[in-house]
Structures are given as C-alpha cells and as structure tokens.
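*Asks:* Please read through the structure below; I'll follow up with questions.
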Amino acid sequence: MAFSERHIENIVRALTTWFDKENRELSRAIEQTVDENLFSLEDIKHQILSLKHTISKETLKKWVADSHVETISREDKNVLCLHAGNVPLVGIQDLIAVLLRNGTYIGKLSRKDPYLMASLLRHLAGHGLVEEDLWSVTPESLKPVRADALLFAGSEQSAGPVKEKLTQLGLIGEDTPSLMRTAGFSMAYIEDESSETYQDLTEAIFRYGGAGCRSVAIVVSPFPLRKVQCGFTDYIESFWLANPPHHKVSESVPYRFALNKALGIDQAWLDHFLMEESGEISGEKHIVHWIQGDLDRVEEIIRKMGSRLQSVYSTADYIGRRVGERIIEPLSLAQMPPIWWKPDNLNTLVWLQDHGI
C-alpha cells in the first residue's frame, strides 16, 4: 500500500491536538508526573516544546522520503515497544514509526514515565490510530498478543533478561526480530569559547540530568579543563537556576572526586556533577570527562566506545563531517533532535520495513 499524505496528516493532526496547551488530559499527566517527582516540570516542558517543534507533516514526509520507504505494510503487524524511563516521552519516536508503517502498537511503558505516554495513547486511540488496552507498565499486564517485532530502548545489561522474560510470557518468540538500542551517552568536540558554544554545551550535558543517550558525557577539546573551568561554570550555574537539578548524585561520585584530588587530576566539583580531565572514561552517571585532544582523539574514542556511544556533536565548522563511523551533528540540537534522528545510528523506519512490518 503506497504512502499517502492523508495517512501522515491523520497522525500529525492527532499528535498536534494532544500537544495543545488547552489539552486538559496532558495537563493532568504533567501534574501527576511532577507531583510524584518522576521528572521536573522544566524537563517536561523542554521535551514537549521540542517535539512540537519537530513533528509536522513536512518533517514526517521528509523522514519517510529520506528512508526510501515508499509503501506501508499491507498486513496488520504487531510491534511491541519497550520504552525507557530516563527522559520524558522518550519512546515517542518508536510509536510514530509504528504508526507510519501502519502497524499495531503494543507498549510496555516505563514505571518512571507512566502518565505522559499513557495520556498520549488514550488520545491516539480516540483518533483510531492505536488500539485500546494494548499498553501497560508491566509486561505481565499486557494482553497475550504475540508481537511480530520488538523495539527496545534500555541498558545493555537489561536487554538479555528482558527478552527472556517476554519470551516466557509468550509476547515474543525465539525468532522474533528485535531492535535493541543500548547506547548510553554522546560526545562533543569543542574548539571555541563563545557564549553560544558554552550555552549549547551546557544544555547538551545537563538537560535531563545527563540521563539521555544524546546527553554529552565526553568533551574533547584542544585546550585543558582549567582554561575553561571558571567561564563555563557561570553558564552551568545560570542553567541550574532556570532548571533546578532533579536527580541525586550517585554515592560513587564524591568518592571519585576524592580519588582525583589525591592523584592530582584536574577537576571541577559542580555539586550535582563532576567534571574531570581524564582519558579514562567511566561511563558513570553525573561524571563528565574533559579530554584534551583533536579530531584524531575523537576518532580514537569512537572506536573504543563502539555501540555505547550515541552521537558526536560540534559547532558550525564541523557539522556534517564524518569522523570514524559517525557524522558530526549540531551541538545545538543535542537535546532537540529532528524526528528522523537515529537511535544507535539505526533508522527505525528502515528497520521495520526490512523486517516486513
């Protein structure tokens, strides 16, 4: 069945009306999420504004065209989506991909983000785009519908046990195609100290408490941390005044600060994050690694990190340049990605089509 503009328009219309500021259902979902201290109001507002900005008929048509997906599925295939809970509404791209392919969405929602996505799904059900009662926060509560494909976003450690559990419940089979996205963080290459760069870098590192896979945990720069520490800290403090930190720092972070101090490693303790100049990348939450180097160093880190690394960002002179296996993206869009961005560098629409969905 060929793609039609009407199909895309129906999806956009439903999403747009849910995002409307007069939508009381959305307002209640936001209030519940904030009241239960699941996400900060500032992070929810940022995500919603970002999605409103990137979801339109034009952007969905571009995603479809650039993916060379010319038809939608003739069969009604079931797609089980397991959503992470590190960022509000983090699974919405998978949901839209399933809708574009005309699949039947089945959702295992995160306990950390149960209200926003459920509100959206009820709204989409009212528009006839998803079926009622095909989502839950626990796999045991899902209807026993066998999925034809699985989309997963989470940690590498949980991927295996999750598939095993779903197989035991009969929600997937041993041979069910599975797209498992497990990248944990991103990297930025910075070679200037402009106000715009500092602001974009601050947003890229600290939005969502650094929990998203697009959040920067590694900064490579020609100059050392001590050269930028004072100036950069001013931007960080301004960000936190407008976006009060919502996370608790891991107990291991103060310990690492003490160890760095004993070893004479340059670092900056930022109350809610530790920034350190070190070539040893821990991957721990709330630690930002500042590494002195050039693009060769960036390429070396890309090889070393492999699938753990999501994206590489930089400023205007480097956007679109290939470094190793990555294409450098705009730093300014780290936390406001286009709808067609590729989790784990895989196009979800293409993957679904290739697997007959």
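The numbering of the sequence shown is my numbering, which starts it at 10 and goes up by one. The beta-carbon is built from N, C-alpha and C at its ideal position, and this holds for glycine as well.
Excluding the 5 residues flanking residue 136 on each side, which residues of the same chain have their C-beta closer than 6 Å to its C-beta?
*Replies:* Within the sequence shown, numbered from 1, the residue matching residue 136 stands at position 127. Excluding the 5 residues flanking it on each side, residue 136 has same chain C-beta neighbours closer than 6 Å at 23, in chain order.
*Asks:* Pick helix, strand or coil for residue 301, following the three-state DSSP scheme.
*Replies:* As a working mapping, residue 301 is identified with position 292 in the sequence shown. Assigned with DSSP and collapsed to three states, residue 301 falls in strand.
*Asks:* I believe residue 101 touches residue 20 by the beta-carbon criterion, under 8 Å. Please report the beta-carbon distance rounded to the nearest angstrom.
*Replies:* The residue given as residue 101 occupies position 92 in the sequence shown. The residue given as residue 20 occupies position 11 in the sequence shown. Actually they are not in contact, since the Cβ atoms of residue 101 and residue 20 sit about 12 Å apart, beyond 8 Å.
*Asks:* Could you compute how far the alpha carbon of residue 330 sits from the alpha carbon of residue 67?
*Replies:* If you number the sequence shown from 1, residue 330 lands on position 321. If you number the sequence shown from 1, residue 67 lands on position 58. Approximately 25 Å between the Cα atoms of the pair.
*Asks:* Taking the alpha carbon of residue 210 as the point to measure from, which residue in 299, 261, 181, 144 has its own alpha carbon closest?
*Replies:* Sequence index remark: in the sequence shown, residue 210 carries index 201 (1-based). Considering only alpha carbons, the answer is 299.
*Asks:* Do residue 190 and residue 352 have their beta-carbon atoms positioned less than 7 Å apart in this structure?
*Replies:* Along the sequence shown, one-based indexing puts residue 352 at 343. Along the sequence shown, one-based indexing puts residue 190 at 181. Yes; because the gap between Cβ atoms is below 7 Å, this pair is in contact.
*Asks:* Taking Cβ positions, are residue 207 and residue 96 nearer each other than 7 Å?
*Replies:* Against the sequence shown, residue 207 aligns to sequence position 198. Against the sequence shown, residue 96 aligns to sequence position 87. Against a cut-off of 7 Å, the Cβ pair of residue 96 and residue 207 comes out as no contact.
*Asks:* What's the call for residue 239, buried or exposed, on a 16-neighbour Cβ count within 10 Å?
*Replies:* As a working mapping, residue 239 is identified with position 230 in the sequence shown. Residue 239 counts as exposed, since fewer than 16 other C-beta atoms from the protein chains shown sit within 10 angstroms of its C-beta.
*Asks:* Across which residues does DSSP place residue 115 in a beta bridge pair?
*Replies:* Within the sequence shown, numbered from 1, the residue matching residue 115 stands at position 106. In DSSP, residue 115 forms a bridge with 89.
*Asks:* If you count every other CB in all the chains shown that lies within 10 Å of the CB of residue 285, and 16 or more means buried, which is it?
*Replies:* Translated into the one-based positions of the sequence shown, residue 285 becomes position 276. That one is buried.
*Asks:* Keeping to the same chain, check which residues put their C-beta closer than 8 Å to that of residue 183; ignore five residues upstream and five downstream.
*Replies:* Taking the sequence shown and counting its residues from 1, one reaches residue 183 at position 174. 176, listed in sequence order.
*Asks:* Under 7 Å, do residue 87 and residue 156 count as touching if we go by C-beta distance?
*Replies:* To locate residue 87, count along the sequence shown from 1; it is residue 78. To locate residue 156, count along the sequence shown from 1; it is residue 147. For residue 87 and residue 156, yes; Cβs fall inside 7 Å.
*Asks:* Should residue 343 go down as buried or exposed, given a rule of 16 or more other Cβ atoms within 10 Å for buried?
*Replies:* Indexing the sequence shown from 1 puts residue 343 at position 334. When all chains shown are included, residue 343 counts as buried.
*Asks:* Whose C-alpha, out of 59, 122, 116, is nearest the C-alpha of residue 145?
*Replies:* As a position in the sequence shown, residue 145 is number 136, starting the count at 1. Residue 145 has its Cα closest to that of 116, out of 59, 122, 116.
*Asks:* For the beta strand (DSSP E) that residue 325 lies in, which residues bound it at each end?
*Replies:* Here residue 325 is taken as the residue at index 316 of the sequence shown, counted from 1. No beta strand (DSSP E) holds residue 325; DSSP gives it neither H nor E.
*Asks:* Give the secondary structure of residue 159 by DSSP, where H, G and I count as helix, E and B as strand, and everything else as coil.
*Replies:* Residue mapping note: residue 159 aligns to position 150 of the sequence shown, counting from 1. Of the three classes helix, strand and coil, the one that applies to residue 159 here is strand, per DSSP.
*Asks:* Near residue 188, what residues of its chain come up, given a Cβ to Cβ distance below 6 Å and the 5 sequence neighbours on each side ignored?
*Replies:* Residue 188 sits at position 179 when you count from the first residue of the sequence shown. These residues qualify, in order along the chain: 160, 360.
*Asks:* If you count every other CB in all the chains shown that lies within 10 Å of the CB of residue 252, and 16 or more means buried, which is it?
*Replies:* Position 243 of the sequence shown, counted from the first residue, corresponds to residue 252. The residue is buried, with at least 16 neighbouring Cβ atoms inside 10 Å.
*Asks:* Go ahead and label residue 123 buried or exposed: buried means 16 or more other beta carbons lie within 10 angstroms of its beta carbon, across all protein chains shown.
*Replies:* In the sequence shown, the residue the question calls residue 123 occupies position 114. Buried is the call here.
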